[in-house]
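The structure appears below as structure tokens.
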Amino acid sequence: MTPFVKSCLLANKVQFIHLLADIGYPLHTFATEKIMEELFTVEAHKKTLGGQNLQMFLLSYRSKVPDIVTINLVRATLRKVMGRHCFTSLETHEVYHHSDFLFHGAVQDRNSMICTSSLADENGFQYLFVWALVTKRFQIAHFLLLHMTEICAAALFAAEFLRQMAHLHCTPSEREELERVAIVFEDTAVGILTECYLNNMETTMVLLVMERPAFGKLSALMLAARGYSYKFMEHSACQEYMNRVWLNTLAHKGNSLRFVVALIFGIVCPLAIPFIVEYDDSKYKSLQHETKEEFSNFEVGRKRAKRMVNTHIRKICDFYHAPCVRYSYNLLSYVLCLMIFTVFLQYKWNVDNSFWIGLEVFISIFFLTETVELVRSTFSDRHSRGGLFCGRSTQYALVVFVCFLLGTTLQALNAHYNFDVNGLEQLSRACLVFSATGPFLRLLMLFSINQNIGPKLQMIKHMLKKDMLPFLLILILFWLMFSVVFVTVIYRPGGIEDPSSPMSLLSNILRRNFFQMFGEFDSEENLQNVIHRTCTNNSQNLCSYSNAAYWIVALQSVFTLMTNLLLINLLIAIFTKRYDRMEAASQKLWAMQRYLMMDSLLRQAALPAPLVLFSHIGLIFKAIRNRIFSTVEEEQSPFRKSFRGNPARERQLIHWEKLRAVIYLAAVVEENHDTSETTVGFTAPEGTVGERSHSTSHSNSWKKAHRLANPVVTFREVLKTAEVRSSLEQKISTIHDNVSFIRNMLGKAHESAESHYNRGLSAPNTSPKSAHSTESLANAPMVFSSDGHWLAVYTVFSGDLAPHIFDEPVPWEEPLPSYHPIKWRPAPQCVPEWGAQELETPRVRQRLSIWSAGSSNVEIYVAQNPGGRVGIRGRGLLPELGPNYAYLLIIGAHSDAKASPPIKGQVLILSGAHRPAQFPWFLCKHPTACDMDSCSRAVARSFCDKMSDVAAQRGDCTERENNTVIDELWSYPTSVVKVGYAADPINCDNAWLEITAIRINIPTATGNNVKLLKMFRTEGCKAIWVDENNMPKMRTSHLKAFNSCKSLMN
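Residue numbering for the sequence shown follows UniProt numbering, starting at 1 and increasing by one per position.
What follows is the structure in structure tokens.
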């Protein structure tokens, strides 16, 4: 079987690998060191895309691809690419129980399906995973991911590895491809984290920082940070954990004034800290309460006093270890150092003044201890990229320290020997002022932890690096070229007997043109200088030509247009685009910056410079003690916790995480499978059926997970009445297809043959299925964005029809023992799909109950319709589970009883056949930062603008007329009424409408009333004015909104 599996892997036959795994073939034991070397060797000598990618991977470590690719070579190359040890070389035989029974077989057979492979087998399986990634066999890699013991950590590793591999490629297309695949793996990790977080928040907090022995002893949080997985770091679980780490054991809602006082006492009197600052007492073990008789015992009292002293000392240590305290002390230290150093630079060196000597000693100790601490913290980070002195921050700190030493030494020598050399003094001051940039940049790094300042600093960095430097190259070329042209056209050449004069003239022109780019023209003065230097004879050198006065005007005009108008505005446009792009991702950038800053603070000593000198002395004594007594202290970090002393708990956490991952991936597969079934026939490119299916599966199948058995779904299907429900669902689907076919044919009957041809309806022999496909495409909702909001409009009057079992919602409190809602999934084209919102933070799903393996009742985590059950499970035609925010536009005309004859109040409605009338309405998706109240008028105005554009495209009226009508419409009084939940035919058991009504009152006699009817009509209905006291049968939710507005007006 082993040769067959190898051939399937090399031929990229994913289906056969699926089949082998389904019948129970042990893939973990297959990936031995010998087989992995064979796979790497064979692929490295192929002339395929995967072989070329593997060769590029190996050449990053060696100059030549060897004849035999060994595992040691792959491990070394992986270390070079990733900058660390990726996989722990595990040769022990400690048994890990893989939860592969979740993938194979039923629950009663789980004992026979548990794979008890060693950690060494898992290590070989990881190299098989790397082989699939590096050879671009992403379908196999995604399948192998599902069989990893730690799926979330493996997905984060894959995202990091693919992003590092992208740096090895030269072409942008290959880098974009790898980045897209990395995002897919990152989304898998985010989905698993969301599933775990919603199920058990506290266990998820532990999983985030649990040390992963199979992945270089890094935690999931550290893997995400190293792989620049911004979505993962932005997740609510990661932010919640970092909030806890930031305060350590301090109270979350402590008094800020008491915290500042505690910082002061932390310097002058540390013993008083526990009496000042507020702590979270739940993180300390409560003291035992003894009775008076027990307390009278001296031994009991002594033990209690000892516990109190230990708790007091622990609180003091926890205060200094809190990142918020370290941050405050570092901020204060750097501000003080920068202020003292600024004063120090303003005065001459004075060796006779003791105060001056003390100031110099303080600054020298500060720079020395800061540099030593930075090197020590970098050295203590065993997983830093590139080694000790390869980090840019470490290199810059060393350069700053060297400049400080050089500047201080030169100033001391100058003060002692009294050198009368200005250049030496200027060099020393330049070195010192450059060293002052160290504390300045460190202050900026500390400020970056602020949610508003941090992203702005990232913008400045990217603007300088990616925008300003390339632009400066273009600007310098324009500047040099224009200066050369100016000197050549305006002035005569100089003689070789005086070589300095022509270059002096060129330098003057360069200097003048440089300032001209920034608005300092002095055109009249430059013109007079040129005229004054006009040549008097042909033998004169470096004089201006007689027609130079005309040339200078033309050349300066061109130069001004190119630099001040074109290039400077180009730079502004580039900066604006960069700002918009990074502002949209500011939340993700801040989340990553926050982690990096907290990690840096935690790796440093508790005391800031120069007090960190005492910490260094303590570390030296501790190292000597450990050397004498041969003790090894395990590295402690809030972002990585080891469970070596409790392997049972570690296995329990890993298996729980894998169970949640399986449930999540099974739900994704089920959704993808249902989506693929409903989309058949809608996207049919030219070609045969075989060609279409092959191309579709080749391009998209790797994104879909292997079909897994979701335990919740399985048990739910067992408990339901499958025959009745499946029969009812089939009938509903058949009725929906036939009704859609009839409605489509009736609606298109009046159109011409040319219209039939353009819409793709080949009339006589059109089948219901094809008609339904075309009709679904035509009835697709119109989705567009405006000011960060997404709006959706059902363009067909009947486009929001949904089947129902009950005419009115049945409350959840009423018992319905045989209630089984219909699982109705409309075509994806009929459901609005919101666009990407980079500022959107993950919204927490509402849950009905928690599934328990020992419970006889199995329920799914869903949101409940507040009105009750309607008989349709899921979200139907609505874009989201839970509340969907809808806006109704009620345009009413004034009533005037005093007029002769009396004028009745009217409202604009949409009326069509076979269903109640309704008002113009739309759905809206708000960004996270929106309060959903202040934006109501703005989104309604955007809706009107979009409807006017559609009306102009239909030819009902011109764009100018529409703009005039809309401007006049919104000049009248408007009122916003928040209706809230309302029963509506589009509601389902797990999705519903939350309605806001916007009432606009316009005069009855306005001439634009007819144009409004043309603007708001949609396909299958017409817009009409009706008497508001004699309205036709209205949609239930719309009538409720109208009555709410009417009662408010009265």
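Every residue, glycine too, gets a C-beta built ideally from N, C-alpha and C.
The structure presented is a predicted model; accordingly, all values stated were derived computationally and were not measured.
Cα separation between Asn1030 and Gly892? As a first step, residue 1030 is located in the sequence shown; it is residue number 1030 there, counting from the start. As a first step, residue 892 is located in the sequence shown; it is residue number 892 there, counting from the start. In this structure, the CA atom of Asn1030 is about 14 Å from the CA atom of Gly892.
With a threshold of 8 Å between beta carbons, is Glu520 in contact with chain D? Of the protein chains in the structure, only one exists, and it is not chain D.
Of the residues Arg226, Lys315, Ser615 and Leu374, the one placed nearest Tyr284, counting alpha carbons only: Position 284 of the sequence shown, counted from the first residue, corresponds to residue 284. Residue nearest to Tyr284 within the set Arg226, Lys315, Ser615 and Leu374 is Lys315 (criterion: CA-CA distance).
Which term fits Asn758, buried or exposed, when burial requires 16 or more other beta carbons within 10 angstroms of its beta carbon? By one-based count along the sequence shown, residue 758 stands at place 758. With a pLDDT of 38 at Asn758, under the threshold of 50, the predicted position of this residue should be treated as unreliable, and no value is reported.
Straight-line CA distance for Arg533 to Gln516? What you label residue 533 is simply residue 533 of the sequence shown in a count that begins at 1. What you label residue 516 is simply residue 516 of the sequence shown in a count that begins at 1. Looking at the two C-alpha atoms, the distance is approximately 21 Å.
Kindly list the residues whose CB is nearer than 6 Å to the CB of Arg1017, restricted to its own chain and excluding five residues on each side of it in sequence; keep chain order. In the sequence shown, the residue the question calls residue 1017 occupies position 1017. Same-chain partners within the cutoff: Ala1023.
Mind checking who Arg869 pairs with in its DSSP beta bridge? Residue mapping note: residue 869 aligns to position 869 of the sequence shown, counting from 1. Its beta-bridge partners are Val810.
Return the chain-ordered list of same chain residues with a C-beta closer than 6 Å to the C-beta of Arg442, the five sequence neighbours on each side being excluded. In the sequence shown, counting from the first residue as 1, residue 442 sits at position 442. Only Tyr334 meet the Cβ criterion.
Which two residues bound the contiguous beta strand (DSSP E) that contains Gly980? In the sequence shown, residue 980 corresponds to position 980, counting from 1. Looking at the DSSP string, the run of the beta strand (DSSP E) that includes Gly980 is Thr974 to Tyr981.
Could you tell me whether the stretch 218–226 touches the stretch 147–158, using the rule of 3 or more Cβ pairs below 8 Å? Touching, per the Cβ criterion.
Return the first residue and the last residue of the alpha helix (DSSP H) that residue 1078 is part of. Outside the shown range of the chain, which is 1 to 1050, sits residue 1078, and nothing can be said about it.
Do you know whose CA, among Gly867, Ala189, Gln346 and Glu211, lies nearest Ala237's CA? Residue 237 sits at position 237 when you count from the first residue of the sequence shown. Closest by alpha carbon: Ala189.
Whole angstroms is fine: what's the gap from Leu816's alpha carbon to Arg869's? Within the sequence shown, numbered from 1, the residue matching residue 816 stands at position 816. Within the sequence shown, numbered from 1, the residue matching residue 869 stands at position 869. If you take the alpha carbons of Leu816 and Arg869, they lie about 10 Å apart.
Going by DSSP, what residues sit across from Met1034 in a beta bridge? For the purposes of this step, residue 1034 is identified with residue 1034 of the sequence shown, where counting begins at 1. The secondary-structure analysis by DSSP pairs Met1034 across a beta bridge with Ala917.
Could you give the DSSP three-state label for Ala893: helix, strand or coil? If you number the sequence shown from 1, residue 893 lands on position 893. Correct three-state label for Ala893: strand.
Shortest alpha-carbon distance to Phe125 belongs to which of Leu178, Pro270, Ile71 and Met82? Numbered from its first residue, the sequence shown carries residue 125 at position 125. Comparing Cα-Cα distances from Phe125 to each of Leu178, Pro270, Ile71 and Met82, the minimum goes to Ile71.
Could you tell me the alpha carbon to alpha carbon distance between Glu968 and Asn1001, rounded to whole angstroms? Here residue 968 refers to the residue found at position 968 when the sequence shown is read from its first residue. Here residue 1001 refers to the residue found at position 1001 when the sequence shown is read from its first residue. About 11 Å.
Name the DSSP bridge partner or partners of Asp599? Translated into positions along the sequence shown, residue 599 becomes position 599. Answer by DSSP bridge pairing: none, since Asp599 is not bridged.
Proximal residues to Cys543 (C-beta, below 6 Å), its chain only, five neighbours per side dropped: The residue labelled residue 543 in the question sits at position 543 within the sequence shown. Cβ within range, chain order: Arg492, Arg533 and Cys535.
Tell me the start and end of each unbroken beta strand (DSSP E) in the stretch 914–975 that is at least 3 residues and wholly inside, in chain order. Entirely contained in the stretch 914–975, the beta strand (DSSP E) runs reaching 3 residues are, in chain order, 921–925.
Euclidean distance between Cα positions of Ala951 and Cys935: As a first step, residue 951 is located in the sequence shown; it is residue number 951 there, counting from the start. As a first step, residue 935 is located in the sequence shown; it is residue number 935 there, counting from the start. Answer to the nearest angstrom: the Cα atoms are 25 Å apart.
Span separating the alpha-carbon of Asn248 from that of Arg660: Locating residue 248 in the sequence shown gives position 248, counting from the first residue. Locating residue 660 in the sequence shown gives position 660, counting from the first residue. When rounded, the distance between both Cα atoms is 29 Å.
Under the three-state reduction of DSSP, which class applies to Lys13: helix, strand or coil? Walking along the sequence shown from the start, residue 13 turns up at place 13. Correct three-state label for Lys13: coil.
Taking C-beta to C-beta, are Thr41 and Val69 nearer than 8 Å? Within the sequence shown, the letter at position 41 stands for residue 41. Within the sequence shown, the letter at position 69 stands for residue 69. Yes, the pair counts as a contact, with Cβ atoms nearer than the cut-off.
With Gly788 and Pro927 assumed to form a contact (beta carbons below 8 Å), what rounded beta-carbon distance in angstroms separates them? To locate residue 788, count along the sequence shown from 1; it is residue 788. To locate residue 927, count along the sequence shown from 1; it is residue 927. Confirmed, about 5 Å.
Segment contact flag, the stretch 7–24 with the stretch 134–151, C-beta cutoff 8 Å, min 3 pairs: Note that the stretch 7–24 touches the stretch 134–151; at least 3 beta-carbon pairs, one per stretch, sit closer than 8 Å.
At least 3 beta-carbon pairs within less than 8 Å: the stretch 443–457 vs the stretch 563–571: These segments do not touch.
Among Leu359, Tyr320 and Lys348, which one has its Cα closest to the Cα of Leu336? The residue labelled residue 336 in the question sits at position 336 within the sequence shown. Nearest neighbour of Leu336 by Cα position, chosen from Leu359, Tyr320 and Lys348, turns out to be Leu359.
What are the uninterrupted segments assigned as alpha helix (DSSP H) that are 4 or more residues long and contained completely in the stretch 316–365, given in chain order? For the stretch 316–365, the full-length alpha helix (DSSP H) segments reaching 4 residues or more read 323–345 along the chain.
Under the DSSP definition of a beta bridge, which residues are partnered with Tyr887? As a position in the sequence shown, residue 887 is number 887, starting the count at 1. For Tyr887, the beta-bridge partners assigned by DSSP are Phe922 and Thr996.
May I ask you to report which of helix, strand or coil DSSP gives Cys8? Translated into positions along the sequence shown, residue 8 becomes position 8. Residue state, collapsed to three classes: helix.
Does the distance from the CB of Met597 to the CB of Ala225 come in under 8 Å? Your numbering for residue 597 matches position 597 in the sequence shown. Your numbering for residue 225 matches position 225 in the sequence shown. In this structure, Ala225 does not lie closer than 8 Å to Met597 by Cβ.
Does the stretch 799–808 come close enough to the stretch 982–990 to have 3 or more Cβ pairs within less than 8 Å? Contact between the stretch 799–808 and the stretch 982–990 is present: three or more C-beta pairs spanning the two stretches fall below 8 Å.
Quick one: is Trp970 buried, meaning 16 or more other Cβ sit within 10 Å of its Cβ, or exposed? Taking the sequence shown and counting its residues from 1, one reaches residue 970 at position 970. With fewer than 16 other Cβ atoms within 10 Å, it is exposed.
Tell me the DSSP bridge mates of Gln516? Locating residue 516 in the sequence shown gives position 516, counting from the first residue. Answer is none; Gln516 lacks a bridge partner.
Whose C-beta lies closer than 8 Å to the C-beta of Trp551 among residues of the same chain, with five residues either side of it excluded? Position 551 of the sequence shown, counted from the first residue, corresponds to residue 551. Here the set comprises Val489, Ile490 and Tyr545.
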